[in-house]
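Visitor: The structure follows.
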Amino acid sequence: MNALRECHRPLLLGHIQIDGDALGAAVALSRALRVRGCAPCVVLEEPTPKIFDFLVPEETVLVITDEESANNLVAAADLAIVLDNNAWSRLGFMEQALRNATFPVICIDHHPALVPFSALHFVDTRAAATGLLVLELLEELGWPLDAMGADALYTAFVNDTGWFRWSNTDARVFAAAERLLRAGAKPERVAAALGQRESLAGKKLLGRFLEGVTLSHNGRLALGCVTHAMFASTGATRADSEDFVNQLRSIEGVEIAAFLREESSGVKLSFRTRAPASALRLALQFEGGGHVLAAGGRHLGPLQATLDAVNRAVSEELERAQA
Ligand SMILES: [Mn+2]
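Here this note's numbering is used: the first residue of the sequence shown is 185, the next is one more, and so on.
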């Protein structure tokens, strides 16, 4: 707490392939720190995904794409706050610089902690979103939340609860959402920004993707891929495929949804599972992490090799789930 109260130039970090929870939490905390006279900096690995651009009109966002700029940034800072991230490897270019930092690293997260990440943990795996932990922290500190910060945390909530539908949706997050509305959050604005700005190219990509989806293991596994060729032929962007894994999960009878996306190097993997199958156990086999039922990773082989590796891992997981 004192580290937060006393900092001047804090860095706020999420995780590679930033989502609405990590970014919303970072934006809300950054705004509160700025009001206190700090010069916070939200650090990303890629430009703010377009879908979240409504959250960051005034925030200082820095995109770090090499280790030298990461080192320079850390040299000028006096605190780092890592949000929604339970693995050093998910810090991307900032990992080494932060490992060497001489200032404290605060971790605010709701993922199961895999390894000791920092001495200053605010980890609560029962929290539906990291944004919820940030709200509770701001309340405890007595720091005000403005309307834009409230929208940012509302974005975090809907990102991680699937618009208050998934199993982590509980009384605590609903009560917190009420407090956000009292602070000026506008659900309609967030819904319009997140859900009503899809491109035709993205819709066409979804069509191509769905045509290739396969069911196997008696309908227990749904698997789908997005390839470079699909992006090229539709003109869609990577952000257009963010929600595709949920298209797989919503098929009746599916226990494991596996989504593969070709990247500039390797393949990004997303898993969604129904208990007792564990998405986290799958992701850990692919340099990844996440939640028990929603996790992701990557594989540094070509698509076919990745498909083979995923099929092996998933078969084992389905067997374990049935045992
Ligand atoms: Mn989260």
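Don't be surprised by glycine CBs; every beta carbon is placed ideally from N, CA and C.
Check whether the Cβ atoms of A336 and G368 sit closer than 8 angstroms, and answer yes or no.
Guide: Contact: no.
Visitor: Which of helix, strand or coil does DSSP assign to D424?
Guide: Correct three-state label for D424: helix.
Visitor: With respect to the alpha helix (DSSP H) encompassing S499, which residues constitute its N-terminal and C-terminal limits?
Guide: Residues 487-506.
Visitor: Going by DSSP, what residues sit across from L378 in a beta bridge?
Guide: L378 pairs with nothing; no bridge assigned.
Visitor: Does the beta-carbon of E424 have 16 or more other beta-carbons within 10 angstroms, so that it is buried, or is it exposed?
Guide: With the sequence shown as reference, residue 424 is identified as Asp, and Glu is not the correct amino acid for it. D424 is buried by the Cβ-count criterion.
Visitor: Look up K370 in the DSSP assignment and say whether it is helix, strand or coil.
Guide: Coil, per DSSP.
Visitor: Throw me the rounded Cβ distance for the D268 and D205 pair, which I believe falls under 8 angstroms.
Guide: With a Cβ gap of about 5 angstroms, D268 and D205 count as contacting.
Visitor: With DSSP run on the structure shown, which of helix, strand or coil describes H305?
Guide: Reduced to three states, the DSSP call for H305 is strand.
Visitor: Would the beta-carbon of L407 fall within 8 angstroms of that of A461?
Guide: Not closer than 8 angstroms, so no.
Visitor: Starting from A441 and walking both ways along the alpha helix (DSSP H), at which residues does that stretch end?
Guide: Premise fails: A441 lies in the beta strand (DSSP E), 440-446, not in any alpha helix (DSSP H).
Visitor: Which residues bound the beta strand (DSSP E) around A478?
Guide: Looking at the DSSP string, the run of the beta strand (DSSP E) that includes A478 is 478-483.
Visitor: Just to confirm, are L432 and A441 a CB contact at a threshold of 8 angstroms?
Guide: Contact flag set, yes.
Visitor: Comparing C-alpha positions only, which one of S499, A260, L399, L390 sits nearest to V410?
Guide: Nearest C-alpha to V410: L390.
Visitor: Return yes when at least one heavy atom of ligand 1 lies under 7 angstroms from the C-beta of A313, else no.
Guide: Yes.
Visitor: Pull up the DSSP beta-bridge partners for V318, would you.
Guide: Note: V318 sits in no beta bridge, so no partner.
Visitor: Quick check on T490: buried or exposed, where buried means 16 or more other Cβ atoms within 10 Å of its Cβ?
Guide: Buried, since its Cβ has 16 or more Cβ neighbours within 10 Å.
Visitor: Using the three-state DSSP reduction, which class does I235 fall into: helix, strand or coil?
Guide: Of the three classes helix, strand and coil, the one that applies to I235 here is helix, per DSSP.
Visitor: I'd like the span of the alpha helix (DSSP H) that includes F393, first residue to last.
Guide: Taken as a continuous stretch (DSSP letters only), the alpha helix (DSSP H) holding F393 covers 384-395.
Visitor: Out of D237, H475, N495, state which residue places its alpha-carbon closest to the alpha-carbon of A271.
Guide: The option with the nearest alpha carbon to A271 is H475.
Visitor: Answer yes or no: the CB of H294 versus the heavy atoms of ligand 1, is any distance below 7 angstroms?
Guide: Within the cutoff, so yes.
Visitor: Below 7 angstroms, is the gap between the Cβ of D344 and the nearest heavy atom of ligand 1?
Guide: Yes, ligand 1 has a heavy atom inside 7 angstroms of this Cβ.
Visitor: Does L282 come out as helix, strand or coil in the three-state DSSP assignment?
Guide: In the structure shown, L282 sits in a helix (DSSP, three-state: H, G or I).
Visitor: Leaving out five residues before and five after A260 in sequence, what residues of the same chain have Cβ atoms less than 8 angstroms from its Cβ?
Guide: Hits under 8 angstroms: R193.
Visitor: Looking at the unbroken beta strand (DSSP E) that takes in V227, where does it start and where does it end?
Guide: Taken as a continuous stretch (DSSP letters only), the beta strand (DSSP E) holding V227 covers 225-228.
Visitor: Indicate whether C291 and L304 have their beta-carbon atoms separated by less than 8 angstroms.
Guide: A contact, by the Cβ cut-off of 8 angstroms.
Visitor: Roughly how many whole angstroms lie between the Cα atoms of E471 and I435?
Guide: Each residue's alpha carbon lies about 27 angstroms from the other.
Visitor: Output needed for F287: all residues of its chain with C-beta closer than 6 angstroms, excluding positions within five of it in sequence on either side, in chain order.
Guide: These residues qualify, in order along the chain: D262, L263.
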